[in-house]
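Per the numbering used here, the very first residue in the sequence shown carries number 125; after that it's consecutive. All C-beta atoms in this analysis are idealised placements derived from N, C-alpha and C, irrespective of residue type, glycine included.
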Amino acid sequence: MTAAVTRLIGRTTADPKQLPSSDAIRLIDVTKTYSSGDSTVAALQSVSLRVPRGSFLAVMGRSGSGKSTLLHCAAGLDVPTTGTVMIGDTTVSGLNETRRTVVRRQHVGFIFQSYNLIPSLTIEDNITLPLRLAGTKPDHSWLATIVERVGISGHLRRMPSELSGGQQQRAAIARALSGRPEVIFGDEPTGALDLSTATDVLELLRDLVSEFGQTVVMVTHDPLAASYADDTVVMLDGRIDQVLRSPDAAQLAAVLGGYHR
Ligand code: ADP
Ligand code: MG
């Protein structure tokens, strides 16, 4: 086990309730098994991971390696078959769907490849939707800050269809930030964007980590995208196979090449 893996995994025997709260996300020995008919798929096998607050983690690995399952379990969208998931100081893996939804609305933001803005709502109403769903009072000064920071203050009254892909993803990032979440999760958030727009969005995510101490976890198959993160974990057959610390795009491409042979 490399030092980086040990650092990320930590002591898997520790009592989660005793852990310091410096981690935005913590997975301890998480397993996820899907059964359909006679066959079972071990989508995650004994995955342990810590994501420190204010860090940017990329998750890579070939198709079917368990990236989305990892993301869904870490975000409280899905429950592991066994193991513990903590979002900040809250253990979400033991909660029922209703309680998990409450935790998710208060502590997690999401960005998607296809932006997922509601077409019938203005950009402003899209951005504040998570607050309405969570029943949280909007913090107008924070909203003004993030709208300005992501660069869409001139588009608040527009409908999503009136914006370019890059502008829509920026609006989606503002929406994800609106409730000051513990962590923002993205599944291929730049997958639908051209290179130059994708680069802008990745620089924005990087800056949010550096400027606001935002924690970001992003699944990507693109070495260039992952190079904006701090650490990258590479999944293989439902396990964390490698942890790379601050790799550049060339290193990532070389490592990833090894998984596609
Ligand atoms: P990735 O995102 O890396 O492509 P996934 O996490 O989507 O991988 O899937 C990991 C494994 O779990 C794959 O073998 C996939 O077929 C399986 N899997 C994922 N979701 C389900 C599901 N809802 N039902 C059955 N099998 C699933
Ligand atoms: Mg996936």
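Check: Which residue's Cα is closest to the Cα of residue 199: 270, 314, 307 and 188?; Outcome: 307
Check: State the Cα-Cα distance for the pair residue 209 and residue 147, rounded to the nearest angstrom.; Outcome: 11 Å
Check: Can at least three beta-carbon pairs, one atom from the stretch 355 to 365 and one from the stretch 210 to 218, be found at a separation below 8 Å?; Outcome: no
Check: Identify whether residue 375 lies in helix, strand or coil by the three-state DSSP scheme.; Outcome: helix
Check: Kindly indicate the opening and closing residues of the alpha helix (DSSP H) around residue 249.; Outcome: 247 to 258
Check: Could you check how far apart the C-beta atoms of residue 247 and residue 279 are, in whole angstroms? I think they sit under 8 Å.; Outcome: 5 Å
Check: How many whole angstroms separate the CB atoms of residue 179 and residue 339, which I take to be in contact at a CB cut-off of 8 Å?; Outcome: 6 Å
Check: If you reduce the DSSP assignment to three classes, tell me which class residue 362 lands in.; Outcome: coil
Check: Please classify residue 231 as buried or exposed, where buried requires at least 16 neighbouring CB atoms within 10 angstroms.; Outcome: buried
Check: Give the DSSP-derived three-state secondary structure of residue 267 in the structure shown.; Outcome: helix
Check: At 4 residues or longer, what runs of the alpha helix (DSSP H) sit wholly inside the stretch 164 to 224?; Outcome: 191 to 198
Check: Report the option in 363, 377, 259 and 238 whose CA atom is closest to the CA atom of residue 227.; Outcome: 259
Check: Am I right that residue 239 and residue 292 are in contact with their C-beta atoms under 8 Å? What's the rounded C-beta distance?; Outcome: 4 Å
Check: I need the straight-line Cα distance from residue 151 to residue 317, nearest angstrom please.; Outcome: 31 Å
Check: Smallest Cα separation from residue 236: which of 322, 371, 332 and 364?; Outcome: 322
Check: When every heavy atom of the ligand MG is checked, does at least one fall within less than 7 Å of the C-beta of residue 238?; Outcome: no
Check: Determine the contact status of residue 195 and residue 203, defining contact as a CB-CB distance below 8 Å.; Outcome: no
Check: Can you tell me where the alpha helix (DSSP H) holding residue 326 begins and where it ends?; Outcome: 319 to 336
Check: Just to check, is the beta-carbon of residue 156 closer than 7 Å to a non-hydrogen atom of the ligand MG?; Outcome: no
Check: What is the chain-ordered set of residues for which the beta carbon lies under 6 Å from any non-hydrogen atom of the ligand MG?; Outcome: 191 and 192
Check: Using only the heavy atoms of the ligand GDP, determine whether one of them is closer than 7 Å to the beta carbon of residue 210.; Outcome: For the structure depicted, the ligand GDP is absent and the ligand set comprises only the ligand ADP and the ligand MG.
Check: When DSSP labels each residue in this structure, what does residue 285 get in the three-state scheme?; Outcome: helix
Check: To the nearest angstrom, how far is it from the Cα of residue 206 to the Cα of residue 170?; Outcome: 9 Å
Check: Can you list, in chain order, the residues of its chain with a C-beta nearer than 6 Å to that of residue 245? Leave out the 5 residues immediately preceding and following it.; Outcome: none
Check: Mind checking whether the beta-carbon of residue 188 lies closer than 7 Å to any heavy atom of the ligand ADP?; Outcome: yes
Check: Ends of the alpha helix (DSSP H) at residue 349?; Outcome: 347 to 350
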